[in-house]
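Data first, discussion second: the structure below is written as structure tokens.
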Amino acid sequence: MDFYVVLGVRRGANDGDIRRAYRRLARQYHPDINPGDREAAARFRDIATAYETLVDPERRQRYDAGEHTGPDAADAGFAGFDFSPQVHAEPSTTFGDLFANVLVGAPDRRPARGADVHVQAAVTLEDVARGTTARVTVARHVACRVCAGGGVAPGARAACLACDGGGTTRVVRGHMVFTRPCDGCDGTGYRVRQACVACHGAGTEPRSDVLDVPVPPGVLDGAVVSVEGMGHGGRFGGAPGDARVTIAVLPHRLYRREGDDLHVEVPVAVHEAALGTRITLPMLDGAPVRLKVPPGTQSGQRFRLRERGLPSARGGVPGDLLAEIRVMLPRVLDERSKELLREFGRLQPDSVRDARFPVHEEPH
Ligand SMILES: [Zn+2]
Ligand SMILES: [Zn+2]
-14 MDFYVVLGVR
-4 RGANDGDIRR
6 AYRRLARQYH
16 PDINPGDREA
26 AARFRDIATA
36 YETLVDPERR
46 QRYDAGEHTG
56 PDAADAGFAG
66 FDFSPQVHAE
76 PSTTFGDLFA
86 NVLVGAPDRR
96 PARGADVHVQ
106 AAVTLEDVAR
116 GTTARVTVAR
126 HVACRVCAGG
136 GVAPGARAAC
146 LACDGGGTTR
156 VVRGHMVFTR
166 PCDGCDGTGY
176 RVRQACVACH
186 GAGTEPRSDV
196 LDVPVPPGVL
206 DGAVVSVEGM
216 GHGGRFGGAP
226 GDARVTIAVL
236 PHRLYRREGD
246 DLHVEVPVAV
256 HEAALGTRIT
266 LPMLDGAPVR
276 LKVPPGTQSG
286 QRFRLRERGL
296 PSARGGVPGD
306 LLAEIRVMLP
316 RVLDERSKEL
326 LREFGRLQPD
336 SVRDARFPVH
346 EEPH
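Quick note on numbering: this note's numbering labels position 32 of the sequence shown as 17, and the sequence is numbered without any gaps.
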């Protein structure tokens, strides 16, 4: 008889583990709970002997060294012997003690859905205009392939001693009998002799998947695209979570987005603004658009090109393109240009200022 096997604990189990294992088993095999059941009585005697030996540091040391002590050495001879349980039972193990945590904290082994995995995908404004697929890498935990999520090395399962593999414990209280998931095995009915070496008993393994996530045209910054079933694996047969991909729209070198509208600043030379011109705007969808700048256009003036903005994510009318004119002053360094500007000033003395801002003529 291996005392560690009897109590269902590891060889290195500490005092607390041994006491807990004993209490758990005593609650099940105590002769007062199983009146007239000789098998339970015999089992309880083994449990008590194992407990008495392992809980005493000196006796445990001798036992570990190979010395068998006590009546267990002649195990078979005692089968069916109706003994007094009080002799072996821990003095403090009263009935109240034994049932202190009956019906509380039964482990929840219902199927649980896996957690979602959150990742980010960066897209350009051009991607938003056309729609795209974003490639993301999803790092997640799925059921270990070696142990199928059980965390147990193949073939290393043994029936739980506390429940004989049934997974439930019968508890008698007065005239009532309760059934609850076995404490010793969390209701699984088995104990682990060796943890799975691939996952070290965790039951999960890390896994990376590359996903091509559809990004619809007009997608908003911060929008979330879900890919069903690509999250962490579920527990106890539960469904996996989803991959939740948050779209981050990168800033653009020319265009600024406001809802579905696009804003762009268009630099225009003085003579172009004064005389009028046509400017080609490079569009996000690849089709260039020509902006007509009429003669006399002021800096800051805005032109609205209807429905040339971004597509609507809601499937409605596209946004507008708003082009704001910036009149850029030339750097005049050469004499010829200066002379032309002076002449222009003489030709148009009142072109800008009115009488409230009199010109103070200075020699050039
Ligand atoms: Zn069990
Ligand atoms: Zn495993």
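Even for Gly, the Cβ is constructed at its ideal location relative to N, Cα and C.
Asked, Found
"Count the other C-beta atoms from every protein chain shown that fall within 10 angstroms of the C-beta of P166, then say buried if there are 16 or more, exposed otherwise.", "buried"
"Identify the continuous alpha helix (DSSP H) that holds S297 and give its terminal residues.", "Where S297 is concerned, there is no enclosing alpha helix (DSSP H), given that its DSSP letter is neither H nor E."
"Below 8 Å on the Cβ atoms is my contact criterion, and I expect V104 with V121 to pass it. Report the Cβ-Cβ distance as a whole number of Å.", "5 Å"
"Pop quiz: H217 and H126 are said to be a contact at Cβ under 8 Å. What is the actual Cβ separation, rounded to whole angstroms?", "5 Å"
"Suppose you measure from the CA of D2 to the CA of V(-6); what does that come to, to the nearest Å?", "7 Å"
"Does DSSP put Y(-11) in a helix, a strand or coil?", "helix"
"Use the C-beta contact count for R321: other C-beta atoms within 10 angstroms, 16 or more gives buried, fewer gives exposed.", "exposed"
"Cβ of A97 within 7 Å of any heavy atom in ligand 2?", "no"
"Check whether the Cβ of V131 sits closer than 7 Å to any heavy atom of ligand 2, and report yes or no.", "yes"
"Whole angstroms are fine: how far does the CA of V204 sit from the CA of L306?", "17 Å"
"Are L(-8) and A33 touching if we call contact CB-CB under 8 Å?", "no"
"Please state the DSSP three-state secondary structure of I352.", "The first residue shown for the chain is -14 and the last is 349, placing residue 352 beyond what the model contains."
"Between the segment 244 to 260 and the segment 291 to 299, can you find at least three pairs of beta-carbon atoms closer than 8 Å?", "yes"
"When you measure from the CB of C181 to every non-hydrogen atom of ligand 1, does any distance come out below 7 Å?", "no"
"From this set, G135, T38, R176, which residue's C-alpha is nearest A183's C-alpha?", "G135"
"According to the Cβ coordinates, are V199 and V209 closer than 8 Å?", "Correcting the residue type first, residue 199 is Pro in the shown sequence and not Val. No, the pair does not count as a contact, with Cβ atoms beyond the cut-off."
"Under 8 Å, do A119 and V230 count as touching if we go by C-beta distance?", "yes"
"Which word fits L110, buried or exposed, when buried means at least 16 other C-beta atoms lie within 10 angstroms of its C-beta?", "buried"
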